[in-house]
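Enquirer:
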Amino acid sequence: MQHKICMVTGATSGMGKATAAALAQLGATVILVARDQRKGEVVRDEIRTQSGNPQVDVLYADLASQQAIRDLAATFKQRYQHLHVLVNNAGGLFFRRETTVDGLEMTFAVDHLAYFLLTNLLLDVLTASVPARIINVSSNAERIGKIAFDDLQRKRRYSAFPAYAQAKLGNLLFTYELARRLAGTGVTVNAVTPGPVATSFGSGGRGLRKIVPLVFRVIGIRAEEGAQTAIDLASSPALEGVTGKVFYHSKELQSSPQSRDVALQQRLWQVSETLTGLPVTTAQQL
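In terms of the numbering used here, the sequence shown is residues 328 to 613.
1) Which of the three DSSP states is assigned to residue 380 in this structure?
2) Nearest-angstrom Cα distance between residue 499 and residue 561?
3) Please return the same chain residues whose Cβ sits closer than 7 angstroms to the Cβ of residue 328, not counting the five positions on each side in sequence.
4) Hey, residue 421 and residue 487 are a contact pair by Cβ (cut 8 angstroms); roughly how many whole angstroms apart?
5) Between residue 399 and residue 453, is the Cβ-Cβ spacing less than 8 angstroms?
6) Can you tell which of 586, 553, 440, 348 has its C-alpha closest to the C-alpha of residue 376?
7) If you run the structure through DSSP and keep just helix, strand and coil, what is residue 604?
8) Just grab the DSSP bridge partners of residue 579 for me.
9) Give every residue of the same chain whose Cβ lies closer than 6 angstroms to the Cβ of residue 368, excluding the five residues on either side of it in the sequence, and list them in chain order.
10) Return the CA-CA distance between residue 484 and residue 590, expressed in angstroms with no decimal places.
11) Mapping DSSP to helix, strand and coil, what is residue 587?
12) Give me the Cα-Cα distance between residue 386 and residue 513, rounded to the nearest whole angstrom.
13) Runs of 3 residues minimum, wholly inside the region 397–475: which ones carry the beta strand (DSSP E) assignment?
14) Could you tell me the distance, in whole angstroms, from the CA atom of residue 346 to the CA atom of residue 558?
15) Would you kindly report the start and end of the unbroken alpha helix (DSSP H) that includes residue 502?
16) Just to confirm my understanding: we take residue 579, look at its own chain, exclude 5 residues before and 5 after, and list those with CB closer than 8 angstroms. What are they?
17) Taking the continuous alpha helix (DSSP H) assigned at residue 512, which residues delimit it?
18) Put residue 334 into one of helix, strand or coil per three-state DSSP.
This is how it looks when you write it as structure tokens:
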């Protein structure tokens, strides 16, 4: 990974941190995307020390804000001319319905639209850096997901797990559609479903909701194990040119029938363009 530039979102804990650390260990220049400045600096310094690689940088953005995502992309382009690997990892499970500064339901905004917007804003530097790779971290929850086009913002009825499953299904619909649009460009797009990982993901709930992250910590695999598939997709020569696939434990997985529905992929893309204010058919303009 020498001379490769990689960006990892959600890089200050869990799988994101483990992915960033491994890529730094392999010699890549790694840009951590963090929301909290103090935590970002601590993790950056920790990875630099442990990897012996000084080429670890940190950029700050609250991915719940579309303006912050735009600023993140602009700042990156001011500092770097190339991007060889983008790992969309940041996400959350929100037990109460919250809205972003843009007025969007938090789960859908952070877990899907942030992937969509940041990736599209960075497509120019990715295509300028080919071969380049995009890795979207999804979840097996996509199998029970449903894209509620008539209530994407979950205003009528909110429940954390259906909202999360909807967003994770969105990750795969986005992965397949983007891979098709980028076919032949030298930019590959794949997704990861890591399974239960023992991290602080979903913490902050009360009552039974507090039990969920505790269960994940008991039954889940270590963050380093959960990150291995994303690391392989980012770095393995054997996966050069592989695109439009979903991987679980570093092996190709057939995702749910709804995730492979081309009409659904295209419809969500169009809706996502509208919700992010992107030009129509962004990826096709490259």
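No residue lacks a Cβ here, since even glycine has one placed at the ideal position from N, Cα and C.
Expert: Let's see:
1) If you number the sequence shown from 1, residue 380 lands on position 53. Coil at residue 380, not helix or strand.
2) Walking along the sequence shown from the start, residue 499 turns up at place 172. Walking along the sequence shown from the start, residue 561 turns up at place 234. Distance between residue 499 and residue 561, taken at the CA atoms: about 17 angstroms.
3) To locate residue 328, count along the sequence shown from 1; it is residue 1. Counting only Cβ-Cβ distances below 7 angstroms, and skipping sequence neighbours, we find 350, 353, 354, 355, 562.
4) Stepping through the sequence shown from its first residue, residue 421 is reached at position 94. Stepping through the sequence shown from its first residue, residue 487 is reached at position 160. Yes, they are in contact, since the Cβ atoms of residue 421 and residue 487 sit about 6 angstroms apart, within 8 angstroms.
5) Here the question's residue 399 lines up with position 72 in the sequence shown. Here the question's residue 453 lines up with position 126 in the sequence shown. Inclusion of residue 399 and residue 453 in the CB contact set at 8 angstroms is not warranted, their separation being larger than that value.
6) Position 49 of the sequence shown, counting from 1, holds the residue named residue 376. Each of 586, 553, 440, 348 was checked against the Cα of residue 376, and the nearest Cα belongs to 348.
7) As a position in the sequence shown, residue 604 is number 277, starting the count at 1. Correct three-state label for residue 604: coil.
8) Along the sequence shown, read from residue 1 onward, the residue named residue 579 stands at position 252. 574, per the DSSP bridge assignment.
9) As a first step, residue 368 is located in the sequence shown; it is residue number 41 there, counting from the start. Taking residue 368 as the centre and dropping the five residues before and after it, the same chain places no C-beta closer than 6 angstroms to its C-beta.
10) Along the sequence shown, one-based indexing puts residue 484 at 157. Along the sequence shown, one-based indexing puts residue 590 at 263. If I take the Cα positions, the gap works out to 26 angstroms.
11) One-based indexing of the sequence shown puts residue 587 at position 260. Residue 587 falls in the helix class under three-state DSSP.
12) Reading the sequence shown from its first residue, position 59 is the one you call residue 386. Reading the sequence shown from its first residue, position 186 is the one you call residue 513. Spanning the two alpha carbons is a distance of roughly 26 angstroms.
13) Within the region 397–475, complete beta strand (DSSP E) segments of at least 3 residues are found at 412–415, 459–464, given in chain order.
14) As a working note, residue 346 is residue 19 in the sequence shown. As a working note, residue 558 is residue 231 in the sequence shown. The C-alpha of residue 346 lies about 6 angstroms from the C-alpha of residue 558.
15) Position 175 of the sequence shown, counted from the start, is the residue given in the question as residue 502. From DSSP, the alpha helix (DSSP H) with residue 502 extends over 487–508.
16) Reading the sequence shown from its first residue, position 252 is the one you call residue 579. Within its own chain, the residues whose Cβ lies closer than 8 angstroms to the Cβ of residue 579, once the five positions on either side in sequence are excluded, are 572, 573, listed in chain order.
17) Indexing the sequence shown from 1 puts residue 512 at position 185. No alpha helix (DSSP H) contains residue 512, which DSSP labels as neither H nor E.
18) Stepping through the sequence shown from its first residue, residue 334 is reached at position 7. Residue state, collapsed to three classes: strand.
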